[in-house]
Amino acid sequence: MMKKPALLFLSLVAMAAICSVGWAQRAEYPITVITPGKGPYTFPPGYQTPWDKIEIMVTAKMSPNLFVLHGSEGLDPAHPEASGGRAMVLFGPDGVLMVDTENRQVAEKTLKAIRSFTDAPIKVLVNTHIHGDHTGANAFFAKQGALIYSQENLRNEMLRPPRRASGQPAPAPDMAAVPVGIYNYNPAAPGQPAITFEMNGETVDFIPMMPSHTAGDTIVRFRKANVIYIEDFYRNFGYPFADQANGGSIRGMLDAVDLFEKVAGPNTTLIPGHGTLVKKNDLLAYRAMLVDILAKVTTLRNQGKTLKEVLAANLTAPYDKTTQGDTQQSKDRFITEVYDEVKDFPPVVDGKRTMPAHP
Ligand SMILES: [Zn+2]
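Per our numbering, residue 2 is the first one in the sequence shown, and the count goes up by one each step.
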């Protein structure tokens with residue numbers, strides 16, 4: 002009777018040995034630790050995000066010293082699939098380089114997550130765009146020692162926030178949060194890095210983008226890991242969002258997708274701010290949808306249809322099945338942006354556009 006458990010024990014030891022050898026051989030990046038949730042999510046009226054419940058976790062490892070951070074699912078109605086906007090952390094003897102910061106309310110938790118794998122000083126922070134889920138903890142990380150980099154348009158958006166459709170005045174900017182390392186998008190050389198960092202054995206390119214999600218977008222390429230953080234001009238949770246008041250453009254998103262022919266290889270892992278990780282071929286269906294909706298809205302607007310009538314036409318219907326997070330609010334926001342863009346689209350001035358108000 003003693004034989005069986007002993008054999009079982011031995012075979013478990015053997016299996017564990019095989020698994021660990023297999024793991025060593027398979028230590029292939031990227032490693033997804035936690036995938037974003039799929040929903041659908043519902044929040045009662047008046048729901049407030051319980052920031053104290055949100056955790057910031059390592060959700061993917063792109064190389065031994067390049068990690069991705071993201072928040073809990075199902076708690077933040079702005080980003081139910083995973084709270085906040087992804088942040089990236091390159092670490093090692095040269096210090097920490099961060100891409101975006103997560104929300105202000107979870108700054109301490111974001112730092113704690115970083116301190117779970119590195120004690121290196123925080124040195125460089127690049128902002129991919131101005132939204133609070135990407136820049137909210139800027140001042141906090143500047144106090145930790147980070148020099149903040151971004152496009153000049155982002156700095157301008159932060160210094161002089163656009164008037165929002167709600168008419169609410171924007172609060173005065175916190176100067177500690179404002180980027181100090183400034184560069185511009187050069188329309189004559191799309192895809193050209195504005196700044197390149199050699200840090201921790203990695204080569205990191207800050208590549209300024211054409212006005213797309215906002216007028217101050219930057220994508221961040223890690224050459225050795227073969228990874229690009231592509232921020233929010235592309236998304237696969239909810240419909241496209243061009244923040245036109247901050248200079249964004251739906252047509253600019255087409256140019257942004259096309260740029261990937263040049264800046265990414267077929268196997269480059271692309272990391273959007275939200276949703277799942279993709280390759281550049283995955284951007285094509287998104288591009289086709291943008292082209293289709295632009296054409297349909299142009300036709301309707303040229304026929305003199307009002308925004309209300311265009312919204313009622315439910316143009317996104319063919320895409321609802323394949324679009325996660327396809328809430329009515331997400332659809333209406335997208336169609337309204339396209340409607341505003343196809344005629345009398347205001348130009349970018351200091352990173353902003355004066356968009357029409359819709360009652
Ligand atoms: Zn955003």
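Every residue, glycine too, gets a C-beta built ideally from N, C-alpha and C.
| Item | Value |
| --- | --- |
| Three-state class that DSSP yields for residue 115 in the structure shown | helix |
| Collapsed DSSP secondary structure at residue 61 in the structure displayed | strand |
| Residue 34 classed as buried or exposed, judged by whether at least 16 other C-beta atoms fall within 10 angstroms | exposed |
| Of the residues 231, 122, 279, the one placed nearest residue 200, counting alpha carbons only | 122 |
| Local conformation of residue 148 per DSSP, three classes | strand |
| Straight-line gap, residue 218 to residue 188 (C-alpha atoms, nearest Å) | 13 Å |
| Short Cβ contact (7 Å threshold) for residue 253 with residue 319 | no |
| Those runs of the alpha helix (DSSP H) which lie wholly inside the stretch 271-353 and span at least 4 residues | 284-303, 308-313, 329-342 |
| Beta carbon of residue 71 nearer than 7 Å to that of residue 79 | no |
| Whole alpha helix (DSSP H) elements within the stretch 224-265, 4-residue minimum | 251-264 |
| Below-7 Å beta-carbon distance, residue 145 vs any chain E residue | Judged by its chain identifiers, the structure shown contains no chain E, having just a single protein chain. |
| Beta-ladder partner(s) of residue 184, from DSSP | 152 |
| Own chain residues within Cβ distance below 7 Å of residue 40, not counting five before or after | 81, 82, 325, 326 |
| C-beta atoms of residue 86 and residue 249 nearer than 7 Å | no |
| Per DSSP, cross-strand counterpart(s) of residue 88 | 70 |
| Whether residue 63 touches residue 37 by CB criterion (7 Å) | no |
| Buried versus exposed, by CB contacts within 10 Å (16 or more), residue 170 | exposed |
| For ligand 1, residues whose Cβ lies under 5 Å from any non-hydrogen atom | 132, 233 |
| Straight-line gap, residue 233 to residue 214 (C-alpha atoms, nearest Å) | 6 Å |
| Exposed unless 16 or more other CB atoms sit within 10 angstroms - verdict on residue 24 | With a pLDDT of 49 at residue 24, under the threshold of 50, the predicted position of this residue should be treated as unreliable, and no value is reported. |
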